[in-house]
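Everything on this sheet refers to the single structure shown next.
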Amino acid sequence: MPSLFASYLRVYEPLTAFDRDRQVFWRKYAREGRALGPVEGPVRQRTAVLEALGAGWTRLPDLPDEAYVLQWADSLLICPWNLRLRVAEAALNARDGVPSVLADAFVPPVLAGQAKAIVEDWRSGAKVLEHGVPRVHEQIATWGVPLRWFVFVDLEEREIDLTAGRRTLRYRTEISKARRRAHRGVAVLRKSLGDAPITEAVEEGTRWLEEFHPRSIVELDYGGLVNLLPDDVLAGDDSPGLVAAGLSALSRGDADDASAVYEKLVDRWRAVQLLERCN
Numbered sequence: 003m004p005s006l007f008a009s010y011l012r013v014y015e016p017l018t019a020f021d022r023d024r025q026v027f028w029r030k031y032a033r034e035g036r037a038l039g040p041v042e043g044p045v046r047q048r049t050a051v052l053e054a055l056g057a058g059w060t061r062l063p064d065l066p067d068e069a070y071v072l073q074w075a076d077s078l079l080i081c082p083w084n085l086r087l088r089v090a091e092a093a094l095n096a097r098d099g100v101p102s103v104l105a106d107a108f109v110p111p112v113l114a115g116q117a118k119a120i121v122e123d124w125r126s127g128a129k130v131l132e133h134g135v136p137r138v139h140e141q142i143a144t145w146g147v148p149l150r151w152f153v154f155v156d157l158e159e160r161e162i163d164l165t166a167g168r169r170t171l172r173y174r175t176e177i178s179k180a181r182r183r184a185h186r187g188v189a190v191l192r193k194s195l196g197d198a199p200i201t202e203a204v205e206e207g208t209r210w211l212e213e214f215h216p217r218s219i220v221e222l223d224y225g226g227l228v229n230l231l232p233d234d235v236l237a238g239d240d241s242p243g244l245v246a247a248g249l250s251a252l253s254r255g256d257a258d259d260a261s262a263v264y265e266k267l268v269d270r271w272r273a274v275q276l277l278e279r280c281n
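First residue of the sequence shown: 3, per my numbering; consecutive thereafter.
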């Protein structure tokens, strides 16, 4: 299957972030080499969700625990997929904008109720209290990278590979650095723009980062978007640097420079979004 045209913001946590049973499970999972990498993983996730949704629509199935595994220095880090939550979200999304008669045919009310309960359970933070783990380790955006994600990383943290068949562009950083950048960004945005949508979006991302273990690693992965862009564009992409420059301009009160940077970023990523409409 082809790569999905999506980007990903992930958090990998050390084993100590999980309870004892999960630590044993994930250690064995990694030792047996069962984990897929971020190149193949999104396709496996999508396939698992579609297969689960096609299984009669009578209940939300129990899905296997899967995760991305990262060896960082001497630590084994885990980014769980939370497939059951993904299936629940997909079931609810399948009902959106559809007449009730059709929605009930595809996703019966009983199933929709189960899906809603699962999604609300995770969003409310109940799983954090029950299992000691954050609700979602991976955020997904299709046909682009949300500009707020670039606040969390630095241009110097880029890892790029343009080898045919293994093209990747990603940023990895310690979560402590990502949190500091996030808090600085929120402070600048709130002082300069107040309760603007971008301020609220960065604040939400900042709260999300605070849920994880302090020795976690944050990864911004361009995912399948790398297959939409030529090598020179990927090699020259400096989006995190532009976001940092825009925040710096705002902090010194230079609205013109900040606007110029913002417009450049919007134009760059709008060009990617428009590819969705190409035939």
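All C-beta atoms, glycine included, are put in the ideal place defined by N, C-alpha and C.
| query | Taking the Cβ atom as the reference point for each residue, do Leu231 and Phe7 lie within a distance shorter than 8 Å? | reply | no
| For the candidate residues Phe154, Thr175, Leu85 and Val153, whose alpha-carbon lies nearest to that of Glu161? | Thr175
| request: Decide if Pro242 is buried, meaning its Cβ has at least 16 other Cβ atoms within 10 Å, or exposed. | output: buried
| task | Can you give me the Cβ contacts of Arg172 inside the same chain, cut-off strictly under 7 Å, excluding the 5 residues immediately before and after it? | result | Glu161, Glu221, Leu222, Asp223 and Tyr224
| query | Are at least three pairs of beta-carbons, each pair with one atom in the stretch 183-199 and one in the stretch 249-264, less than 8 Å apart? | reply | yes
| query | How big is the Cα-Cα spacing for Ser261 and Gly248? | reply | Linking Ser261 to Gly248 through their CA atoms gives a straight-line distance of about 8 Å.
| said: Among Leu244, Val26, Arg22 and Asp258, whose alpha-carbon lies nearest the alpha-carbon of Val153? | reply: Leu244
| request: Could you please give the first and the last residue of the uninterrupted beta strand (DSSP E) stretch that includes Glu205? | output: Counting along the chain, Glu205 falls outside any beta strand (DSSP E), though it belongs to the alpha helix (DSSP H) covering Pro199 to Leu211.
| message | Let's see if you can read the secondary structure: which residues bound the alpha helix (DSSP H) around Arg22? | response | Arg22 to Arg33
| Taking Ile200 as the reference, which of Phe214, Leu17, Arg150 and Gly115 has the closest Cα? | Ile200 has its Cα closest to that of Arg150, out of Phe214, Leu17, Arg150 and Gly115.
| request: With a cut-off of 8 Å on the beta carbons, I'd call Leu52 and Leu65 a contact; round off their distance for me. | output: Wrong, their Cβ atoms sit about 12 Å apart, outside the cutoff.
| task | Identify every run of the alpha helix (DSSP H) within the stretch 206-258, keeping only runs that are complete inside it and at least 4 residues long; order them along the chain. | result | 233-238 and 241-253
| field | As assigned by DSSP and simplified to three states, the class of Asp163 | value | The DSSP-derived three-state label of Asp163 is strand.
| query | Secondary structure at Trp83, three-state DSSP: helix, strand or coil? | reply | coil
| Can the beta-carbon of Ala180 be found less than 8 Å from the beta-carbon of Leu211? | yes
| field | Leu78 (DSSP reduced to helix, strand or coil) | value | Strand, per DSSP.
| query | By DSSP, does Glu265 sit in helix, in strand, or in coil? | reply | helix
| task | Using only alpha-carbon positions, find the residue among Pro148, Asp98, Arg46 and Arg88 that is nearest to Tyr264. | result | Pro148
| So what's Arg168 in DSSP terms, helix, strand or just coil? | coil
| said: To the nearest angstrom, how far is the alpha carbon of Ala90 from that of Val121? | reply: 7 Å
| request: Count the other C-beta atoms from every protein chain shown that fall within 10 angstroms of the C-beta of Gly146, then say buried if there are 16 or more, exposed otherwise. | output: buried
| message | Considering just the uninterrupted stretch of the alpha helix (DSSP H) at Leu191, what are its terminal residues? | response | Ile177 to Leu195
| Coarse secondary structure for Glu15, derived from DSSP in three states | Residue state, collapsed to three classes: strand.
| request: Could you tell me if Pro216 is buried or exposed, where buried requires 16 or more neighbouring beta carbons within 10 angstroms of its beta carbon? | output: exposed
| query | Count the other CB atoms within 10 Å of the CB of Ser178; is the residue buried (16 or more) or exposed (fewer)? | reply | exposed
| task | In angstroms with no decimal places, state the Cα-to-Cα distance between Ala119 and Val138. | result | 16 Å
| request: Look up Ala69 in the DSSP assignment and give the residues it is bridged to. | output: Pro82.
| Closest Cα partner of Leu284 within the set Phe214, Asp239 and Trp271 | Limits of the chain in this structure are 3 at one end and 281 at the other, which puts residue 284 out of reach.
| query | To which residues of the same chain is Trp28 closer than 7 Å at the C-beta, ignoring the five residues directly before and after it? | reply | Here the set comprises Leu17, Phe20, Ala69 and Ile80.
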